[in-house]
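2 protein chains.
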Amino acid sequence: MVADILINTMEKILNMKITFLGTGSSRPTVERSVSCIALTLAQEVLLFDCGEGSQRQMLRTIRQSRIKKIFITHFHGDHYLGIPGLLMTLALNRREAPLDIYGPPGSVRMLKHIFASGYMGLTYDIRIHEVEDEVVDFGDYSVIVFPVEHGIPAVGYCYCEHDRRGRFDIQKAEKLGIRGSLFKQLEKEGEVTLSSGKVCIEDVTGPAEKGKKIVYTGDTRPIDFPESLRAPDILIHEATFIDDADRGDTFHSTVPDACKAAKAIDAGMLILTHINIRYDPDKLQHLASSLFAHAMVAYDYYEVVL
Amino acid sequence: MVADILINTMEKILNMKITFLGTGSSRPTVERSVSCIALTLAQEVLLFDCGEGSQRQMLRTIRQSRIKKIFITHFHGDHYLGIPGLLMTLALNRREAPLDIYGPPGSVRMLKHIFASGYMGLTYDIRIHEVEDEVVDFGDYSVIVFPVEHGIPAVGYCYCEHDRRGRFDIQKAEKLGIRGSLFKQLEKEGEVTLSSGKVCIEDVTGPAEKGKKIVYTGDTRPIDFPESLRAPDILIHEATFIDDADRGDTFHSTVPDACKAAKAIDAGMLILTHINIRYDPDKLQHLASSLFAHAMVAYDYYEVVL
């Protein structure tokens, strides 16, 4: 029983993995597919963007049947054109569970167009949610949606795991008379009453574990992040250009912009993505590392386990 | 001058190449992308179908800027979902030349939906042509469009190069007094009048060269091909299943169906594509070879030079 609870908790902690399925900018290259990031949790997989070719990128790494939610940042082709093919493949695999797609204002219209463009043969419900500047709660975690600046409706997302109660302190628990099925009762009800008195779950567990926090910008020029995004474990920031001269007046960010943002919100780690074919990734990495200690230029299939 | 003419003729003959960019059925696998075949001619590239991921498949093999026409067989995702991404990439490359897309009845509506599904930023005209049972002439070649049976509007295409005049017989030409700029004049006007009499181009060229003929079925259950498709150099036939039991009542063909069709229309070579992940390709190849001598199971990047 105790072992079960511990294993479940361990699984929850260990099974969070970020997989960069596509890290290129605008169009695929031989080395990079276009934008798609998978967040693998214990019970499901969340996708952030799903550019053309993403389903094929998943074949060696992601169990497609576990995808429950797709979060689209904006409707440039390199961020959403992989959706219809993925949805058709899920239907060929006889999926029955509904699938939720979140995206900026206009998403319902955009996605209805793409679903009407061919004979899709879907076998399950697609639920489309337009989001812009809000917090969506999913039980174990919430997703903060924040507007970004990309010249068209566009949002970023922050995966925000709720804090968890600390682990059971077995010695302390046994000293207070908690054993066997009483652990389960404590887990469920938060307290049990023994002949020796009432025991609350907080009496026999260690300090609460802080939930993980991951911010993904999608495409944007530099913005001031809302206070709610402060101190993420990881900031995934687009870095399409190396400097202002290259960026010009496009609605994109540079490597220095991304590093500045990571400092401003006190990110534990910065991962740069949406990498432009014109640059040598080593050069980008060198620049990023010189500006922010824990910076990493993503590549396809790069994984981070949290 | 003579050399120029010969080289041009040689180029025309040698520069026809079929490249199988995607040979899988329904969904991509690690080994196979979904349907896309490029026909590289001297002056342009024609695409037959363009499933998701096709633009990335092209990166090592096809000059995308040379694509002038796309022929779609039907609107199942694995045959057309690569179009919007490819078109956007051409726009990023600042294409100005119009692009023609041919497809079965309903294509205008389908393609308009997909173009309305995001911010495409196209820089050139897309001209959509609905075709079903007709011959479209393009000057050097024509394309025969023939209906197939796939449960939804679907067509096959036959690339049909026009016969070409024979090559110059230099010795014969010189004997009749043709030299220098007279070759050019003959090429342009078909005849020249010399003091010794009139010389027609047929007098100094070898036998006409038969134009190449390539038939592509797209997805279909077995059909009787029209007489106009007889004796192609190559028949590219779908072979989604290995036998009738596996095929069931789907609108697809089997390896024996494809071989039977190749015999019926007297094809020079049969290439099987739309290969189902459930089969060992070696087993399919063995079966095909036993039923039709010049049969080949396609794989991604397989090329045929004609």
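Chains as they are written, first to last, in our numbering: chain A, 6 to 311; chain W, 6 to 311. A virtual CB, placed ideally from N, CA and C, is assigned to each residue, including glycine. Computed from a predicted model, the values in this text were never measured in an experiment.
Range of the contiguous alpha helix (DSSP H) that encloses residue i
{"i": "His242(A)", "result": "Premise fails: His242(A) lies in the beta strand (DSSP E), 239–243, not in any alpha helix (DSSP H)."}
{"i": "Met93(A)", "result": "88–97"}
{"i": "Val113(W)", "result": "112–120"}
{"i": "Gly82(A)", "result": "82–85"}
Backbone secondary structure at residue i - three-state DSSP
{"i": "His134(A)", "result": "strand"}
{"i": "Ala43(W)", "result": "strand"}
{"i": "Ala236(W)", "result": "coil"}
{"i": "Val141(W)", "result": "strand"}
{"i": "Ala250(W)", "result": "helix"}
{"i": "Met301(W)", "result": "strand"}
{"i": "Val309(A)", "result": "strand"}
{"i": "Ile61(W)", "result": "Correcting the residue type first, residue 61(W) is Arg in the shown sequence and not Ile. Helix, per DSSP."}
{"i": "Leu296(A)", "result": "helix"}
{"i": "Glu16(W)", "result": "Confidence at Glu16(W) is low in this model, with a pLDDT of 49, below 50, so its placement is unreliable and the value that follows should be read with caution. Three-state DSSP puts Glu16(W) in a helix."}
{"i": "Arg71(W)", "result": "helix"}
Below-7 Å beta-carbon distance, residue i vs any chain A residue
{"i": "Met93(W)", "result": "yes"}
{"i": "Pro89(W)", "result": "yes"}
{"i": "Gly161(W)", "result": "no"}
{"i": "Gly119(W)", "result": "The sequence shown places Ile at residue 119(W), rather than the Gly named in the question. Yes, Ile119(W) lies at the interface with chain A (some Cβ there is under 7 Å from its Cβ)."}
{"i": "Arg184(W)", "result": "no"}
{"i": "Leu64(W)", "result": "yes"}
{"i": "Arg68(W)", "result": "no"}
{"i": "Leu292(W)", "result": "no"}
{"i": "Ile157(W)", "result": "yes"}
{"i": "Leu181(W)", "result": "no"}
{"i": "Arg61(W)", "result": "yes"}
{"i": "Leu86(W)", "result": "yes"}
{"i": "Ala303(W)", "result": "no"}
Residue i: CB within 6 Å of a non-hydrogen atom of the ligand ATP
{"i": "Arg169(W)", "result": "The ligand ATP is not part of the structure shown, which contains no ligands of any sort."}
Test: residue i CB closer than 7 Å to a CB of chain W
{"i": "Glu135(A)", "result": "no"}
{"i": "Val113(A)", "result": "no"}
{"i": "His81(A)", "result": "yes"}
{"i": "Gly123(A)", "result": "yes"}
{"i": "Glu308(A)", "result": "no"}
{"i": "Leu187(A)", "result": "no"}
{"i": "Ile77(A)", "result": "no"}
{"i": "Glu243(A)", "result": "no"}
{"i": "Glu36(A)", "result": "no"}
{"i": "Gly58(A)", "result": "yes"}
{"i": "Leu97(A)", "result": "yes"}
{"i": "Glu16(A)", "result": "In this prediction, Glu16(A) has a pLDDT of 49, which is less than 50 and means its spatial position is unreliable; nothing more can be read from the coordinates."}
Cβ distance (whole Å) where residue i is taken to contact residue j below 8 Å
{"i": "His81(A)", "j": "Pro109(A)", "result": "Incorrect: roughly 11 Å between the Cβ atoms, too far for contact."}
{"i": "Ala244(A)", "j": "Val220(A)", "result": "Contact flag wrong, Cβ pair sits at about 14 Å."}
{"i": "Ser59(W)", "j": "Leu26(W)", "result": "6 Å"}
{"i": "Ile131(A)", "j": "Ser112(A)", "result": "Between Ser112(A) and Ile131(A) the Cβ distance is about 11 Å, and since that is not below 8 Å, they are no contact."}
{"i": "Val160(A)", "j": "Val136(A)", "result": "7 Å"}
{"i": "Gly123(A)", "j": "Tyr85(W)", "result": "6 Å"}
{"i": "Leu52(W)", "j": "Ile75(W)", "result": "5 Å"}
{"i": "Leu277(W)", "j": "Ala300(W)", "result": "7 Å"}
{"i": "Phe256(A)", "j": "Thr225(A)", "result": "7 Å"}
{"i": "Asp54(W)", "j": "Ser40(W)", "result": "4 Å"}
{"i": "Pro237(A)", "j": "Gly273(A)", "result": "7 Å"}
{"i": "Ile280(A)", "j": "Gly87(A)", "result": "Not really, about 18 Å apart at Cβ, beyond 8 Å."}
{"i": "Gly182(A)", "j": "Ser201(A)", "result": "6 Å"}
N- and C-terminal bounds of the beta strand (DSSP E) containing residue i
{"i": "Pro152(W)", "result": "146–152"}
{"i": "Met21(A)", "result": "No beta strand (DSSP E) contains Met21(A), which DSSP labels as neither H nor E."}
{"i": "Gly161(A)", "result": "160–166"}
{"i": "Ile106(A)", "result": "104–108"}
{"i": "Leu52(A)", "result": "50–55"}
Cutoff 7 Å: residue i Cβ touching any chain C Cβ
{"i": "Pro33(A)", "result": "Here the protein chains are A and W, and chain C is not one of them."}
Report the residue ranges of all beta strand (DSSP E) runs contained in full by the segment 171–228 of chain W; include only those spanning at least 3 residues, in chain order. The segment 171–228 of chain W is shown to contain whole beta strand (DSSP E) runs of 3 or more residues at 196–199, 202–205, 218–221, in chain order.
Whole runs of the beta strand (DSSP E) within the segment 262–289 of chain A, excluding any shorter than 3 residues: 274–278
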